[in-house]
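First up is the structure itself, then whatever we jot down about it.
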Amino acid sequence: MLEGSCAQNESKNHSASSDALQALRTQLLGDGEFLSQSELAARAGTSEADVVDFWRAMGFADVQPDAKIFTSADAEALETCRELIGSHIVDHDTMISLLRAFSYTSDRLALWQVETLVEDQVRRIGKSDLSARKEVLEHINEILPALERAANYAFRRHIYALLARMERDYVGRRISEPQPDRYPLRRSLGFVDMVAYTSTSATLSPSGLSTLIRRFEYLARDVITSRGARIVKTIGDAVLYIADDLETATEVVCALVEEFSAAKDLLPVRASLVEGYVVSRSGDVFGPPVNLASRLVDDAPQGAVCVDMSTAQSIIDSDWGKRFFLEELETQDMHGLGPVRRFMLKPRGK
């Protein structure tokens, strides 16, 4: 009798979830007819090969040619891509790259936000993880319009902020034209990572580990962005930050170490800072300064900021450098880089 009752409950739960998913499908994808690959190509005025390229660039698995999964929204998006290419605003390869950018960021955004809602149900309401996911599935439709508006707002704000930085770079370049054989962007950047993360994480429960990572990322983001720098990416127990000028980066990295040292519920950190020329691609930054910053943080003492000789000299030569103290550490022989003179950076009076 109990088994039958459990089976009935599971069947009801599955039915409710299926109904919720169907409603979400209508809300998100529309309730019109569903199209096959060839029908989508015809509707958008393009080829089936372009449909395949489009779908892959959006980050989705290949589908059978006769599978009817596409909607009028897919046709409109594909037609927009075709019009941009046809008007020579962008070429095919550039369009694919733009789509991949949307795909990558949208996938991460969707995952992050849904998991945040699940975690909210677990932490605030006390639901199990499974029950929390069912709750989100059945009620996320209530906040989807607000999330969509917020995403559009954030996109516009960040596009403007990026264009403003590009304009400043352009004006500055008129004064000091960079050499053609070096990377185009002069930036100050570094890493901050948690000390003893591997050994500590092995002793934590899933919820404890989730809390540790969330607190680390949130505090790092608050400190970095509030002082005028930006986060490039998070890499497990580390964050890569970047600033347009060395003064901002110096203030940010010292504040990071200070804030994490004062936080009682977080692990201590170590950090690095390097100034130099980098290239930006696919939302990331590359170049020798990134590699050097990664090596410096690996060998930095707990609670310290490590900088290289060139960056240290730039701080010393600046009109604001007197606010900071630099202590030379032991020269480190780094694979691929050779001997690297290292300095520990601290605010004066700390």
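Per UniProt numbering, residue 1 is the first one in the sequence shown, and the count goes up by one each step. The C-beta atom is built at its ideal place from N, Cα and C for all residues, glycine as well. Small disclaimer: the values here were computed from a predicted structure and weren't measured.
To the nearest angstrom, how far is the alpha carbon of R124 from that of V118?
Locating residue 124 in the sequence shown gives position 124, where the first residue counts as 1. Locating residue 118 in the sequence shown gives position 118, where the first residue counts as 1. Rounded to whole angstroms, R124 to V118 spans 10 Å at the Cα level.
Nearest-angstrom Cα distance between T46 and I69?
The residue you call residue 46 lines up with position 46 of the sequence shown. The residue you call residue 69 lines up with position 69 of the sequence shown. Cα-Cα distance, rounded: 17 Å.
Taking Y241 as part of the beta strand (DSSP E), name the residues at either end of that continuous run.
Within the sequence shown, residue 241 is the residue found at index 241, counting from 1. Taken as a continuous stretch (DSSP letters only), the beta strand (DSSP E) holding Y241 covers A238 to A243.
Comparing alpha-carbon positions, which option in A300, Y241, Y153 and S205 lies nearest R270?
If you number the sequence shown from 1, residue 270 lands on position 270. R270 has its Cα closest to that of A300, out of A300, Y241, Y153 and S205.
Would you tell me roughly how many angstroms separate the C-alpha atoms of L219 and L256, rounded to the nearest one?
Here residue 219 is taken as the residue at index 219 of the sequence shown, counted from 1. Here residue 256 is taken as the residue at index 256 of the sequence shown, counted from 1. Computed Cα separation, rounded: 8 Å.
According to the neighbour-count rule (16 or more other Cβ atoms, all chains shown, within 10 Å of its Cβ), is Y241 buried or exposed?
Taking the sequence shown and counting its residues from 1, the one referred to as residue 241 is at position 241. By the 10 Å Cβ count, Y241 comes out buried.
With DSSP run on the structure shown, which of helix, strand or coil describes T203?
If you number the sequence shown from 1, residue 203 lands on position 203. The answer is coil: DSSP assigns T203 none of H, G, I, E or B.
Nearest CA to the CA of residue 358: which residue from T311, L273, D222 and F286?
Residue coverage of the chain in this structure runs from 1 to 350, which leaves residue 358 outside it and unanswerable.
Would you tell me roughly how many angstroms separate the C-alpha atoms of V252 and L147, rounded to the nearest one?
Along the sequence shown, one-based indexing puts residue 252 at 252. Along the sequence shown, one-based indexing puts residue 147 at 147. Cα to Cα, V252 sits roughly 30 Å from L147.
If you check the beta carbons only, do L189 and V90 fall under 8 Å apart?
Translated into positions along the sequence shown, residue 189 becomes position 189. Translated into positions along the sequence shown, residue 90 becomes position 90. Against a cut-off of 8 Å, the Cβ pair of V90 and L189 comes out as no contact.
Are the Cβ atoms of F191 and S314 separated by less than 8 Å?
Locating residue 191 in the sequence shown gives position 191, counting from the first residue. Locating residue 314 in the sequence shown gives position 314, counting from the first residue. Cβ atoms of F191 and S314: not closer than 8 Å.
Tell me which same chain residues have a C-beta within less than 8 Å of the C-beta of E48, skipping the five on either side of it?
The count along the sequence shown starts at 1 and reaches residue 48 at position 48. The residues are Q37, S38, A41 and P65.
Count the other CB atoms within 10 Å of the CB of I224; is the residue buried (16 or more) or exposed (fewer)?
Position 224 of the sequence shown, counting from 1, holds the residue named residue 224. Classification for I224: buried.
For the beta strand (DSSP E) that contains residue 352, what are its first and last residues?
A query on residue 352 cannot be resolved here, the shown segment of the chain reaching from 1 to 350 and no further.
I need the straight-line Cα distance from R341 to E330, nearest angstrom please.
The count along the sequence shown starts at 1 and reaches residue 341 at position 341. The count along the sequence shown starts at 1 and reaches residue 330 at position 330. Rounded to whole angstroms, R341 to E330 spans 7 Å at the Cα level.
Are the beta-carbon atoms of L98 and A151 separated by less than 8 Å?
Against the sequence shown, residue 98 aligns to sequence position 98. Against the sequence shown, residue 151 aligns to sequence position 151. No.
Looking at the unbroken beta strand (DSSP E) that takes in F286, where does it start and where does it end?
Translated into the one-based positions of the sequence shown, residue 286 becomes position 286. Taken as a continuous stretch (DSSP letters only), the beta strand (DSSP E) holding F286 covers D284 to F286.
Using alpha carbons as the reference points, say which of E328, V136 and R323 lies closest to A304.
Here residue 304 is taken as the residue at index 304 of the sequence shown, counted from 1. Measuring from the Cα of A304, the nearest candidate turns out to be E328.
Check whether the Cβ atoms of L29 and N141 sit closer than 8 Å, and answer yes or no.
Mapped onto the sequence shown, residue 29 falls at position 29. Mapped onto the sequence shown, residue 141 falls at position 141. The answer is no: Cβ separation not under 8 Å.
Express the C-alpha separation of T200 and P268 in angstroms, rounding to a whole number.
On the sequence shown, position 268 is the one that residue 268 refers to. On the sequence shown, position 200 is the one that residue 200 refers to. So the two alpha carbons sit approximately 12 Å from each other.
What does F343 pair with, by DSSP beta-bridge criteria?
Indexing the sequence shown from 1 puts residue 343 at position 343. Paired residues: V307 and E328.
Give the secondary structure of Y170 by DSSP, where H, G and I count as helix, E and B as strand, and everything else as coil.
On the sequence shown, position 170 is the one that residue 170 refers to. It is helical.
Among the candidates I85, L212 and R221, whose CA atom is the shortest distance from the CA of D265?
Position 265 of the sequence shown, counting from 1, holds the residue named residue 265. The shortest C-alpha separation from D265 is found at L212.
So F34 and T94 are supposed to be a Cβ contact under 8 Å. How far apart are they, rounded?
The residue you call residue 34 lines up with position 34 of the sequence shown. The residue you call residue 94 lines up with position 94 of the sequence shown. 30 Å between Cβ atoms; not a contact.
Quick one: measure Cβ to Cβ for residue 357 and A262, integer angstroms, because I've assumed they're closer than 8 Å.
This structure cannot settle anything about residue 357, because the visible part of the chain is limited to 1 through 350.
Determine the burial state of E247: buried for a count of at least 16 other Cβ atoms within 10 Å of its Cβ, exposed for fewer.
Counting from one through the sequence shown, the residue named residue 247 turns up at place 247. Buried is the call here.
Pick helix, strand or coil for I231, following the three-state DSSP scheme.
In the sequence shown, the residue the question calls residue 231 occupies position 231. In this structure, I231 counts as strand in the three-state DSSP scheme.
Is it buried or exposed, residue 436, if we count other Cβ atoms within 10 angstroms and call 16 or more buried?
The structure shown has nothing for residue 436, since the chain only spans 1 to 350.
Looking at the structure shown, is V63 part of a helix, part of a strand, or coil, going by DSSP?
Within the sequence shown, residue 63 is the residue found at index 63, counting from 1. In this structure, V63 counts as coil in the three-state DSSP scheme.
Just verifying my parser: in three-state terms, what is the DSSP assignment at G86?
By 1-based counting over the sequence shown, the position of residue 86 is 86. Three-state DSSP puts G86 in a helix.
Should M194 go down as buried or exposed, given a rule of 16 or more other Cβ atoms within 10 Å for buried?
One-based indexing of the sequence shown puts residue 194 at position 194. Result: buried.
Using the Cα positions of A20 and L137, report the straight-line distance between them to the nearest angstrom.
By one-based count along the sequence shown, residue 20 stands at place 20. By one-based count along the sequence shown, residue 137 stands at place 137. When rounded, the distance between both Cα atoms is 7 Å.
Work out the CA separation of S18 and E134 for me, nearest whole Å.
If you number the sequence shown from 1, residue 134 lands on position 134. If you number the sequence shown from 1, residue 18 lands on position 18. This sequence places Lys at residue 134; Glu is not what is there. One C-alpha to the other measures close to 11 Å.
Look at I85 and A57 and say whether their C-beta atoms are less than 8 Å apart.
For the purposes of this step, residue 85 is taken as residue 85 along the sequence shown, with counting starting at 1. For the purposes of this step, residue 57 is taken as residue 57 along the sequence shown, with counting starting at 1. Taking 8 Å as the Cβ cut-off, I85 and A57 do not qualify as a contacting pair.
Given this structure, state the Cα-to-Cα distance separating R186 from R43, to the nearest angstrom.
Within the sequence shown, the letter at position 186 stands for residue 186. Within the sequence shown, the letter at position 43 stands for residue 43. For R186 and R43, the distance between alpha carbons rounds to 46 Å.
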